[in-house]
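**Q** Residue numbers (the UniProt record's numbering), protein chains in the order written: chain A, 1 to 930; chain B, 1 to 166.
Glycine included, every Cβ here is placed at the ideal spot set by N, Cα and C.
Okay, here's the structure, questions in a sec.
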């Protein structure tokens, strides 16, 4: 049957039974306006729904009844038993029609003109006579006495009275049909009650009432009505009567508390079932096995069934949204089309309640912040009407809700500004972040990008609350945004809160549960498997499909002391790859058991502050275990780490787009932040056996490729160990080399460098954010002089080079590169002068400075490298000075362009050897030419 | 909870009688040879040695949690709470389960003794010189024959915020 129809039947049947009672009460209290308007409303509802569903016959009857009731309500008619009976009669007709409707899904043919006529008559204040009442018996042939009564149409009161006198006779004998008997007997005692009341009212309707008659009428009227009904039921329609209530009985209203209670009990049952199964597993053969299996199935089905009672379509949470959006559209002068898909997706009532507000908030946000005003939309080539789409669907035990708008998207620049304004991040930090990471700021407390606080949103208490609420119910939220194209919020929430599926793991002999929702995959890492855990200065990482996955040791995180003599050693570790929002990390555990359905119970208040746990539960074996909260773990391991991973993911894609990217060698040495040195400066990485280190001239040395290589520690107080191996970075030039002692080589990364030149310590060029961490960029030149006091400028002093040093003019806008290349070129035996732009360089030219070669960057603010070269070549004093271009763009086209502009050579940035070679070549060529 | 309440209501009527005569019932227990008492009406259960799940990162006084007929009970090591050294591992202890605002807590003690009905005349306020940690969790002292019994105040015993700030 059509859902709508069955709902209508249920509702109407419910209403009708209320009406029956109410009408009777009305009869007793004709002056109760509240009662009357309630009845009127109920009938009106029935009429309305009938009309809506296209049930004209029902509608007509209801309409006529409503008319009568309307007159009552307006005081135009006085309530009298006849009228009430008439209406009851009409209700009975409706009931019988409904019964047919339920059986056949269609209205029975025919009409109820006699009944309607009488109702109309009644409404006009000319209540004919009770006889028609009898006549009004529903379409199926009325019972014999009723028909007899109907045939005569008595008009006078006398006749009426006579009729009434005659009717009780047949009415009482009617009993043979079983259903009628209780009906009439039940009604009989009730009938006398109204007698005193209707008496006065009778005056209006019937001209000369005789008290006796008036008193009798109500008494009789009711039995007649019911007799009619009974007769009708008797006419082979008794089945209908039972069916009539069948639909009504299909749904019942149950107190939510009762359901909640039931749910709790079922949860406990599930736990007990699990316990029993656990016991069973340990016993090979048991006579309990079979009954337990049954118990298992029954419990599962019971659980499922009870869960269903709590399920509600998500549409319930959306019900208010169309109105909200309409009002918003009006208020904000926008045109908004709200589309709701998957409104019938069901989820737990409790969850539904909890996401209602966040959803409303987000839709409001989309309407206010996301969508543009029509004019703006037209300007950017969109249709005037903005669209907000809500989409809900199931996906693997979770509900996914998407809130999508086709508006302007999140304004990355505004978010950046705001983040700086609110001291959430520095400009440098932001520069190294991807858009995706920047978007995450809108989830931070106190953040709102709406330019002004509107009625609607922009108070900055929004998205963080949304995020908190969603996380509270174990959900996650993701944001996708495309500038100018709109943004999408994806909420992933568990179907239910009460029972969750969790992975049971063990760490340091303790077991923990991890909600399955956040587990992406499991990886076994062992020395003999393809996955091995590598350590970067003690920080474990795992290579997983060409990506480095940061690992969190549960043991360290929870400060578990491994006093169980650590039976589990490093040779086998399981990694639970967990995802929280966009952050993916691995949790290292010793063992992984299976997944189990667990009932989440809140932890004791004194433990609520531990954010690593979302609750605790009792496992099948009766032991209590803690449920880990991936959100808590993620935030405990640091949001910067989040940035790191996402950053790497996206940089891989964007490598080509970014300019000043260079390879950096990351290492650790001494304490403090990780350190970095441009890879181009490092000749080799070596692992020196400490035993081979000799002391010479107060410096540690090793024999390296037949020569002595001094070793220089970064930390002057560093003492070499007695044994083991020591990693060193080898810097070489010509036949000289030196080793920089480091603790550990961490990684090589391609990063855009933003160096903050705040080196307060010698040997440091400054700090930069590399791989999401503050990293000290070391000044290689400083350490070179540590090894060889005479490294720089050695040529002039001891005739290392016969000629006077070649003077190099370095033009580069980046302070970092000037600082990087100056020592590099100095090391190579050049006398370097560095300036930050072409104008300064030309000023030096004017000032009469002379250089042997000019090395210039191409991309510079103001005058770029090409223009500079042209300026130098055309009529400047330096027009014969060779020039080498330095650029990250080293395509053949760039090369040509460089040649045309006047550069002698073109070198890709960061290519140390190429630059040195190019310089040498250029100088030689030039000399030769000169 | 409802099933657990049944016996306590029975006791209650008895307790009320005794209050009228100036008597109070206490469940006694021993921790490091010192006798302590908890009003009998606050006690839900007395347990023997239980398997306890450790809770990482919890305050040291929280020994862990245990399953009491399907309810999760937080176990508190009263020794540590009172600033005493922990119980040696080989000695099995006992626990008294109390209810605080709907949550169950299991107080781990060395042993649980009998229920004593004590007259108010023997009650005395804490001596001012008592160890502050004890004073904080105790409502007073009963002078018994041959020994003293410290009355523990359960809500204060389970109030850890004061411990953290101290």
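Looking only at its chain, what residues have a beta carbon closer than 7 Å to the beta carbon of residue 631 (chain A), apart from the 5 residues adjacent to it on each side?
**A** What you label residue 631 (chain A) is simply residue 631 of the first chain in a count that begins at 1. If we look at residue 631 (chain A) and ignore the five residues flanking it on each side, its Cβ neighbours are 471, 580.
**Q** Quick one: is residue 298 (chain A) buried, meaning 16 or more other Cβ sit within 10 Å of its Cβ, or exposed?
**A** What you label residue 298 (chain A) is simply residue 298 of the first chain in a count that begins at 1. Classification for residue 298 (chain A): exposed.
**Q** Does residue 894 (chain A) come out as helix, strand or coil in the three-state DSSP assignment?
**A** Residue 894 (chain A) sits at position 894 when you count from the first residue of the first chain. Three-state DSSP puts residue 894 (chain A) in a helix.
**Q** What did DSSP end up calling residue 676 (chain A) once you bin it into helix, strand or coil?
**A** Translated into the one-based positions of the first chain, residue 676 (chain A) becomes position 676. Strand at residue 676 (chain A).
**Q** Which term fits residue 286 (chain A), buried or exposed, when burial requires 16 or more other beta carbons within 10 angstroms of its beta carbon?
**A** Indexing the first chain from 1 puts residue 286 (chain A) at position 286. Residue 286 (chain A) comes out exposed.
**Q** Starting from residue 433 (chain A), trace the alpha helix (DSSP H) in both directions and tell me its first and last residue.
**A** Here residue 433 (chain A) refers to the residue found at position 433 of the first chain. That residue, residue 433 (chain A), is in no alpha helix (DSSP H); it is neither H nor E in DSSP.
**Q** Show which residues of chain A have a CB atom less than 8 Å away from the CB atom of residue 103 (chain B).
**A** On the second chain, position 103 is the one that residue 103 (chain B) refers to. Ordered by position in chain A, the residues that pass the 8 Å Cβ test against residue 103 (chain B) are 604, 605.
**Q** Please classify residue 881 (chain A): does DSSP put it in a helix, a strand, or coil?
**A** Within the first chain, numbered from 1, the residue matching residue 881 (chain A) stands at position 881. Coil, per DSSP.
**Q** Looking at the C-beta of residue 272 (chain A), does it have a partner C-beta in chain B at a distance below 9 Å?
**A** For the purposes of this step, residue 272 (chain A) is identified with residue 272 of the first chain, where counting begins at 1. Yes - at least one Cβ of chain B is within 9 Å of the one on residue 272 (chain A).
**Q** With H, G and I counted as helix, E and B as strand and the rest as coil, what does DSSP make of residue 90 (chain B)?
**A** Against the second chain, residue 90 (chain B) aligns to sequence position 90. Of the three classes helix, strand and coil, the one that applies to residue 90 (chain B) here is coil, per DSSP.
**Q** What does a CB cutoff of less than 8 Å around residue 337 (chain A) pick up in its chain, not counting 5 residues either side in sequence?
**A** The residue labelled residue 337 (chain A) in the question sits at position 337 within the first chain. Within the same chain, residue 337 (chain A) has close Cβ partners 385, 386, 387, 388.
**Q** Quick one: Cα of residue 477 (chain A) to Cα of residue 394 (chain A), how far?
**A** Position 477 of the first chain, counted from the first residue, corresponds to residue 477 (chain A). Position 394 of the first chain, counted from the first residue, corresponds to residue 394 (chain A). Going by the C-alpha atoms only, they are around 15 Å apart.
**Q** What separation, rounded to the nearest whole angstrom, lies between the Cα atoms of residue 613 (chain A) and residue 76 (chain B)?
**A** Looking up residue 613 (chain A) in the first chain gives position 613. Looking up residue 76 (chain B) in the second chain gives position 76. Cα to Cα, residue 613 (chain A) sits roughly 19 Å from residue 76 (chain B).
**Q** Cβ closer than 9 Å: which chain B residues qualify as neighbours of residue 559 (chain A)?
**A** If you number the first chain from 1, residue 559 (chain A) lands on position 559. Here the neighbours are 56, 57.
**Q** Could you pull the start and end residues of the alpha helix (DSSP H) that residue 402 (chain A) belongs to?
**A** Position 402 of the first chain holds residue 402 (chain A). Counting along the chain, residue 402 (chain A) falls outside any alpha helix (DSSP H), though it belongs to the beta strand (DSSP E) covering 398-405.
**Q** Mind the definition here: the stretch 369-383 of chain A touches the stretch 427-437 of chain A only if three or more C-beta pairs lie below 8 Å; say whether that holds.
**A** no
**Q** Considering only residues of the same chain and omitting the five flanking positions on each side of residue 140 (chain B), which have a CB-CB separation below 7 Å?
**A** Working through the second chain from its first residue, we reach residue 140 (chain B) at position 140. Cβ neighbours of residue 140 (chain B) beyond the five flanking positions: 123, 124, 125, 126, 151.
**Q** For residue 368 (chain A), does the three-state DSSP call read helix, strand or coil?
**A** Here residue 368 (chain A) corresponds to residue number 368 of the first chain, with the count starting at 1. DSSP places residue 368 (chain A) in helix when its eight states are reduced to three.
**Q** Would you kindly check if the distance between the Cβ of residue 841 (chain A) and the Cβ of residue 832 (chain A) is under 9 Å?
**A** Counting from 1 along the first chain, the entry for residue 832 (chain A) is found at position 832. Counting from 1 along the first chain, the entry for residue 841 (chain A) is found at position 841. In this structure, residue 841 (chain A) does not lie closer than 9 Å to residue 832 (chain A) by Cβ.
**Q** Can you confirm whether residue 133 (chain B), when its beta carbon is compared against all beta carbons of chain A, has any partner nearer than 9 Å?
**A** As a position in the second chain, residue 133 (chain B) is number 133, starting the count at 1. No, residue 133 (chain B) lies away from the interface with chain A (no Cβ there is under 9 Å from its Cβ).
**Q** Taking DSSP as the reference, what is the three-state secondary structure of residue 297 (chain A)?
**A** Walking along the first chain from the start, residue 297 (chain A) turns up at place 297. If DSSP states are grouped into helix, strand and coil, residue 297 (chain A) belongs with the helices.
**Q** For chain A, find out if any of its Cβ atoms is closer than 9 Å to the Cβ of residue 117 (chain B); answer yes or no.
**A** For the purposes of this step, residue 117 (chain B) is taken as the residue at position 117 of the second chain. It does not: the Cβ of residue 117 (chain B) has no partner Cβ on chain A nearer than 9 Å.
**Q** Which residues in chain A sit within 7 Å of residue 167 (chain B), going by Cβ to Cβ distance?
**A** This structure leaves residue 167 (chain B) out entirely; chain B is present only between 1 and 166.
**Q** Closer than 7 Å, Cβ to any Cβ of chain B: which residues of the stretch 311-337 of chain A, in chain order?
**A** none
**Q** Note the first and the last residue of the continuous beta strand (DSSP E) segment covering residue 707 (chain A).
**A** Within the first chain, residue 707 (chain A) is the residue found at index 707, counting from 1. That run of the beta strand (DSSP E) goes 707-713.
**Q** Relative to the alpha-carbon of residue 557 (chain A), which residue among A:347, A:33, A:539 has its alpha-carbon at the smallest distance?
**A** Stepping through the first chain from its first residue, residue 557 (chain A) is reached at position 557. Minimum Cα distance to residue 557 (chain A) is reached at A:539.
**Q** By DSSP, does residue 524 (chain A) sit in helix, in strand, or in coil?
**A** Taking the first chain and counting its residues from 1, the one referred to as residue 524 (chain A) is at position 524. The answer is strand: DSSP assigns residue 524 (chain A) an E or B state.
**Q** Contact check, residue 893 (chain A) vs residue 866 (chain A) under 8 Å by CB: the rounded distance?
**A** The residue you call residue 893 (chain A) lines up with position 893 of the first chain. The residue you call residue 866 (chain A) lines up with position 866 of the first chain. The Cβ separation is near 12 Å, so there is no contact.
**Q** Report, in whole angstroms, the separation of the C-beta atoms of residue 93 (chain A) and residue 46 (chain A), which I expect to be a contact under 8 Å.
**A** Within the first chain, numbered from 1, the residue matching residue 93 (chain A) stands at position 93. Within the first chain, numbered from 1, the residue matching residue 46 (chain A) stands at position 46. Contact annotation, residue 93 (chain A) with residue 46 (chain A): C-beta distance approximately 12 Å; criterion of less than 8 Å not satisfied.
**Q** For the beta strand (DSSP E) containing residue 39 (chain B), list its first residue and its last residue.
**A** Along the second chain, read from residue 1 onward, the residue named residue 39 (chain B) stands at position 39. It spans 34-39 - the beta strand (DSSP E) in which residue 39 (chain B) sits, taken as one unbroken run.
**Q** Looking at the structure shown, is residue 158 (chain B) part of a helix, part of a strand, or coil, going by DSSP?
**A** Walking along the second chain from the start, residue 158 (chain B) turns up at place 158. Coil.
**Q** Go ahead and label residue 93 (chain B) buried or exposed: buried means 16 or more other beta carbons lie within 10 angstroms of its beta carbon, across all protein chains shown.
**A** Position 93 of the second chain, counted from the start, is the residue given in the question as residue 93 (chain B). Residue 93 (chain B) comes out buried.
**Q** If you draw a straight line from the C-alpha of residue 324 (chain A) to the C-alpha of residue 364 (chain A), how long is it?
**A** Against the first chain, residue 324 (chain A) aligns to sequence position 324. Against the first chain, residue 364 (chain A) aligns to sequence position 364. Residue 324 (chain A) and residue 364 (chain A): Cα-Cα distance of roughly 8 Å.
**Q** Between residue 72 (chain B) and the rest of its own chain, which residues show a CB-CB distance below 6 Å, the 5 nearest in sequence each way excluded?
**A** On the second chain, position 72 is the one that residue 72 (chain B) refers to. Cβ within range, chain order: 65.
**Q** For residue 91 (chain A), which residues from the same chain have a beta carbon less than 8 Å from its beta carbon, with the 5 sequence-adjacent residues on both sides left out?
**A** Your numbering for residue 91 (chain A) matches position 91 in the first chain. Excluding positions up to five away in sequence, the list reads 16, 19, 20, 23, 65.
**Q** Any Cβ of chain A within less than 9 Å of the Cβ of residue 51 (chain B)?
**A** Your numbering for residue 51 (chain B) matches position 51 in the second chain. With 9 Å as the cut-off, residue 51 (chain B) counts as an interface residue toward chain A.
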